[in-house]
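A.B. asks: I have a structure I would like to understand better, so I am pasting it below and will then ask my questions one at a time.
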Amino acid sequence: RVYLSGLSPEATAELAAHAEHALSATALRELHSLTEGNPFFVQQVLRLFADDPTRTHLDLPQRVREVIGLRLHGLDVRAQHLLALASVIGQRFTLAVLEHIVEGPHGSRAETLELLDAALALRVVREVSEPALRAPTPLGKYEFAHALIREHLYASLDERERLQIHARVGRALEQLYAIAPAGHAALQYEPDAGDHLNELAHHFCRAAPLCDVERAVDYCTRAAEHALHVLAFEQAVSHYQRALEALACQLPIDEARRCALKLALGSAQFRAGEDGNPALLAAAEIARKLDRPDLIAEAALSMLGRPRFRRHGRTENPALEPLLEEALHTLPKAHRLRSRLLSARALNGPLDEPLADKRRFSAQALGLARSAHDHDALSDALLAEVRLTQDPQHTRERLVLADELLAVAERSGHKERIFTAHEMRVQPLLTLGDLRAADAAIATCDALAQELRLPRCSLQMLRFALERALGDGRFHDVSTLTKRAVHTRGEAPPSPGYLVSMFAWQTYARTLRGDREWFERHIEEMADKADKSRLMRAHVAFVYASFGELEHARRCYAPLLTPEGLDASDDDDWLLGLAHTADAVAQVGDREAAALLQPRLAPHAKLNVTHFDWWVYFGSTAHWLGQLAALCEQRDAALGYFEEALARNQQLGARPAFARTALAYARLLLAPPAAGSGSPSRDERARGERLRQEAETTAPELGMRFLARDAAALRGT
1 RVYLSGLSPE ATAELAAHAE HALSATALRE LHSLTEGNPF FVQQVLRLFA DDPTRTHLDL
61 PQRVREVIGL RLHGLDVRAQ HLLALASVIG QRFTLAVLEH IVEGPHGSRA ETLELLDAAL
121 ALRVVREVSE PALRAPTPLG KYEFAHALIR EHLYASLDER ERLQIHARVG RALEQLYAIA
181 PAGHAALQYE PDAGDHLNEL AHHFCRAAPL CDVERAVDYC TRAAEHALHV LAFEQAVSHY
241 QRALEALACQ LPIDEARRCA LKLALGSAQF RAGEDGNPAL LAAAEIARKL DRPDLIAEAA
301 LSMLGRPRFR RHGRTENPAL EPLLEEALHT LPKAHRLRSR LLSARALNGP LDEPLADKRR
361 FSAQALGLAR SAHDHDALSD ALLAEVRLTQ DPQHTRERLV LADELLAVAE RSGHKERIFT
421 AHEMRVQPLL TLGDLRAADA AIATCDALAQ ELRLPRCSLQ MLRFALERAL GDGRFHDVST
481 LTKRAVHTRG EAPPSPGYLV SMFAWQTYAR TLRGDREWFE RHIEEMADKA DKSRLMRAHV
541 AFVYASFGEL EHARRCYAPL LTPEGLDASD DDDWLLGLAH TADAVAQVGD REAAALLQPR
601 LAPHAKLNVT HFDWWVYFGS TAHWLGQLAA LCEQRDAALG YFEEALARNQ QLGARPAFAR
661 TALAYARLLL APPAAGSGSP SRDERARGER LRQEAETTAP ELGMRFLARD AAALRGT
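What follows is the structure in structure tokens.
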């Protein structure tokens with residue numbers, strides 16, 4: 001005899017391809033799961049779709065049910081009843097559990113084995129061996145020959161009988177695994193008990209309408225906690241939802257318990273990449289009725305699980321700010337959660353709130369956390385301080401705070417916080433030029449992201465990849481990585497900060513590559529965005545100037561040359577905005593504007609221009625200082641700045657920035673002497689030609705058309 005197995009998922013899809021109506025990938029997976037690849041069953045299910053093209057779900061046709069019924073017809077009533085009991089256990093079942101739930105005069109092991117032998121002979125069930133033990137015979141483990149057989153038997157029981165059997169199965173599993181519900185002494189708690197909690201949760205939850213609601217809620221909650229521990233977030237969401245359903249089976253409902261489950265559910269949903277707001281807002285409403293401001297605070301803090309995509313680490317969640325304000329107003333001053341609320345408030349206050357005011361909240365939070373010796377609170381407070389310490393002159397202070405954040409996270413052993421701490425270290429390290437340490441931090445983040453499997457960690461790794469691709473000059477990777485970032489983010493609505501980041505990545509890459517067609521197609525949209533912020537206006541001025549639209553560039557950057565725009569140096573927007581403006585000013589040849597910009601940039605000559613929220617680095621600040629000094633005819637200062645920029649850009653491996661600096665430096669060294677000044681020395685001209693050649697060689701490799709053209713034009717001057 002040859003026992004045929006079902007078709008593979010691929011072969012099932014191939015068979016389904018011959019149907020009149022195509023099935024989606026999801027429907028194909030469901031089709032294989034339902035039929036296990038049995039060709040007859042597959043064709044019968046597909047025929048249902050042919051008869052009713054509007055059908056949206058898969059179901060067993062009556063003809064298939066009749067075939068299964070005929071298969072079981074060869075068994076006597078006792079065997080069919082025994083298998084019906086086994087169907088409640090699951091697709092796989094053990095003799096020990098089955099024997100435990102058999103009631104009445106037919107409960108002996110000998111008779112149970114006799115009935116199972118009859119089912120084995122008809123191939124309704126089959127024995128399951130233990131390959132790991134290389135056992136020649138099964139160890140009392142069986143499975144149904146097909147999932148549809150089990151489903152047919154399960155449906156043969158009335159609802160009340162099913163619920164009673166689920167309860168008996170649950171209690172049998174408690175004895176088998178030596179596990180007890182909360183408040184009961186376990187016979188012997190096994191280390192791998194978590195592996196069995198799913199089964200216990202399933203059976204007691206199904207039995208909840210009839211009997212022990214507390215057991216159902218307890219096992220569902222414990223199964224959810226175990227799922228969170230092993231990073232199975234979607235499974236945790238499912239368990240918390242079932243716990244809430246079970247809790248509703250008994251009146252009056254324990255509102256405090258329901259609030260706790262709603263809080264846990266919302267938090268798990270955010271970790272699974274879903275919207276946890278409805279559950280958390282429901283928890284907050286219950287907390288108000290219970291007069292529990294601490295639970296309102298828990299709900300607000302759980303809302304921080306949504307990814308942060310606004311500037312300064314702001315969470316893109318409109319429900320968060322009012323709940324935070326309510327929690328801070330109602331929570332007692334000495335409560336342990338107050339520090340964490342202040343940290344959250346520092347990052348999530350009104351959009352137009354000055355950065356200095358935000359930092360006052362984070363400073364209060366840090367003081368409370370340090371005095372309380374609370375790791376969670378200290379971690380939140382340090383994170384707020386890192387995010388809000390963005391003045392370029394405080395870059396080293398930001399790195400010190402990030403290092404302390406890492407030390408706190410490592411002491412707690414919290415892997416997600418360790419990821420965040422390394423994430424926070426990358427940008428100040430790049431700003432200071434320590435590429436090796438930055439790449440080491442990114443590598444650590446990558447390893448943790450693969451382990452954590454959190455959507456926000458996956459997305460951050462893509463942002464790191466985009467940052468390095470832009471900085472290294474791998475512009476062809478930018479579009480691919482951006483599309484992957486969109487896919488990873490999923491269907492969540494993009495926040496303004498996220499859109500701006502994507503816009504900056506694309507425009508910067510396409511501008512340096514001289515993609516004029518793209519520029520002309522999007523320039524109106526870019527100009528419209530330029531009215532929204534000083535940084536975007538500077539960015540668009542840089543783009544205009546790069547494409548030779550010099551008057552448009554001048555009109556775009558002119559409003560930025562005010563004391564407010566030139567001296568607002570409290571975050572990364574300021575330094576990057578000045579760099580983009582300086583680029584446009586140099587290309588326009590605006591000596592007056594250059595004189596205004598140079599003293600503002602000069603204190604930061606040793607830094608690289610990066611951006612904490614955009615995750616980009618553009619090269620050494622000294623490059624733009626060299627351009628401005630050359631424009632202002634400060635030749636010696638320009639030479640020094642360009643030397644500094646070449647060294648720093650090479651250290652960063654920033655090939656586009658190095659090539660641009662090489663060409664700007666070559667242009668200075670090869671330029672005809674200004675009136676009243678001496679001619680360049682032979683060594684300077686030789687150095688200039690070498691730099692020009694290096695720019696001319698590098699530019700085509702990176703696809704930088706305008707740079708290649710300008711380097712070629714400088715040849716022979």
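The sequence shown maps to residues 1 to 717 in this note's numbering.
In this text, a Cβ means the ideal position worked out from N, Cα and C, and glycines have one as well.
Being a predicted model, the structure only gives us computed values, none of them experimental.
#1: How would you call L714, buried or exposed, if buried means at least 16 neighbouring beta carbons within 10 angstroms?
#2: Between the segment 268–277 and the segment 289–296, do at least 3 Cβ pairs fall closer than 8 angstroms?
#3: Closer than 7 angstroms by C-beta to T94: which residues in its own chain qualify, once you throw out the five before and the five after it? Chain order, please.
#4: State the Cα-Cα distance for the pair H335 and E255, rounded to the nearest angstrom.
#5: The beta strand (DSSP E) spanning T94 covers which residue range?
#6: Please report the straight-line C-alpha distance between A711 and A319, rounded to a whole angstrom.
#7: Could you pull the DSSP bridge partners for K141 from this structure?
#8: Would a C-beta distance cut-off of 8 angstroms place S343 and S371 closer than the cut-off?
#9: Which same chain residues, not among the five before or five after E36, have their C-beta less than 7 angstroms away from its C-beta?
#10: Within a Cβ cutoff of 8 angstroms, which residues of the same chain sit near V102, ignoring the five residues on either side of it in sequence?
#11: So, is R396 buried or exposed, given that buried needs 16 or more other C-beta atoms within 10 angstroms?
#12: Taking the alpha-carbon positions, what's the F204 to A248 distance?
#13: Using the three-state DSSP reduction, which class does T581 fall into: helix, strand or coil?
#14: Excluding five sequence neighbours on each side, which residues of the same chain lie with their C-beta closer than 6 angstroms to the C-beta of C211?
#15: In this structure, how does DSSP classify D710 when only helix, strand and coil are distinguished?
#16: On the three-state DSSP scale, how would you describe F547?
#17: If you drop the 5 nearest sequence neighbours on each side, which residues of the same chain put their C-beta closer than 6 angstroms to that of H623?
#18: Compute the Euclidean distance between the alpha carbons of Q764 and H312, then round it to the nearest angstrom.
#19: What is the rounded straight-line gap between the Cα of H375 and the Cα of H394?
#20: Note the first and the last residue of the continuous beta strand (DSSP E) segment covering H611.
#21: Quick check on DSSP: helix, strand or coil for R453?
#22: Suppose you measure from the CA of Q43 to the CA of L31; what does that come to, to the nearest Å?
#23: First and last residue of the beta strand (DSSP E) that includes G640?
#24: Between T507, F270 and L462, which has its C-alpha nearest A485's C-alpha?
#25: Starting from V616 and walking both ways along the beta strand (DSSP E), at which residues does that stretch end?
#26: Using the three-state DSSP reduction, which class does T698 fall into: helix, strand or coil?
#27: Looking at the secondary structure, which residues open and close the beta strand (DSSP E) in which E127 lies?
#28: Mind checking who T330 pairs with in its DSSP beta bridge?
#29: Figure out for me which residue from G69, E66, R71 and L115 has the closest Cα to the Cα of A79.
#30: Taking 8 angstroms as the threshold (C-beta atoms), are R705 and D472 in contact?
#31: Leaving aside the five residues before and after T697 along the sequence, list all residues of the same chain whose C-beta is less than 8 angstroms from its C-beta, in chain order.
#32: Our contact map puts L341 next to A300 with C-beta atoms below 8 angstroms; I'd like the distance itself, whole angstroms only.
#33: Tell me the rounded alpha-carbon separation between H580 and A201.
#34: Measuring only the C-alpha atoms, how far is L668 from Q587?
#35: Hey, would you say V478 sits closer than 8 angstroms to L459, going by beta carbons?
#36: Tell me the rounded alpha-carbon separation between V609 and L351.
C.D. replies: Taking the coordinates as given:
#1: By the 10 Å Cβ count, L714 comes out buried.
#2: Too few Cβ pairs lie closer than 8 angstroms, so no.
#3: G140 and K141, listed in sequence order.
#4: Their backbone Cα atoms lie some 22 angstroms apart in a straight line.
#5: Its beta strand (DSSP E) spans residues R92 to T94.
#6: About 54 angstroms.
#7: In DSSP, K141 forms a bridge with T94.
#8: Not a contact, by the Cβ cut-off of 8 angstroms.
#9: Counting only Cβ-Cβ distances below 7 angstroms, and skipping sequence neighbours, we find G6, H146 and A147.
#10: Taking V102 as the centre and dropping the five residues before and after it, the same chain places the C-beta of L82, L85 and T112 closer than 8 angstroms to its C-beta, in chain order.
#11: Exposed, since its Cβ has fewer than 16 Cβ neighbours within 10 Å.
#12: Rounded to whole angstroms, F204 and A248 show a C-alpha spacing of 14 angstroms.
#13: T581 sits in a helix when the DSSP states are folded into three classes.
#14: Listed in chain order, the non-local C-beta contacts of C211 below 6 angstroms within the same chain comprise A167, local neighbours out to five positions each way being set aside.
#15: Residue state, collapsed to three classes: helix.
#16: The answer is coil: DSSP assigns F547 none of H, G, I, E or B.
#17: Within the same chain, H623 has close Cβ partners A645 and T661.
#18: Since the first and last residues shown for the chain are 1 and 717, residue 764 lies out of range.
#19: Roughly 25 angstroms between the two C-alpha positions.
#20: Unbroken beta strand (DSSP E) run through H611: N608 to H611.
#21: Three-state DSSP puts R453 in coil, outside helix and strand.
#22: For the pair Q43 and L31, the Cα-to-Cα distance works out to about 10 angstroms.
#23: Membership of G640 in any beta strand (DSSP E) is not indicated; the residue belongs instead to the alpha helix (DSSP H) covering R635 to L652.
#24: The closest CA to that of A485, considering only T507, F270 and L462, is found on L462.
#25: Here the beta strand (DSSP E) through V616 covers V616 to S620.
#26: Shown here, T698 sits in a helix according to DSSP, grouped into three states.
#27: It spans V125 to E127 - the beta strand (DSSP E) in which E127 sits, taken as one unbroken run.
#28: T330 has no beta-bridge partner at all, per DSSP.
#29: Ranking G69, E66, R71 and L115 by Cα distance to A79 puts L115 first.
#30: Not a contact, by the Cβ cut-off of 8 angstroms.
#31: For T697, where only same-chain residues beyond five positions count, there are no Cβ hits under 8 angstroms.
#32: The pair is a contact, with the Cβ atoms about 7 angstroms apart (cut-off 8 angstroms).
#33: If I take the Cα positions, the gap works out to 59 angstroms.
#34: Using only the alpha carbons, I get a separation of about 14 angstroms.
#35: With contacts defined as CB atoms closer than 8 angstroms, V478 and L459 fail to qualify as a contacting pair.
#36: About 25 angstroms.
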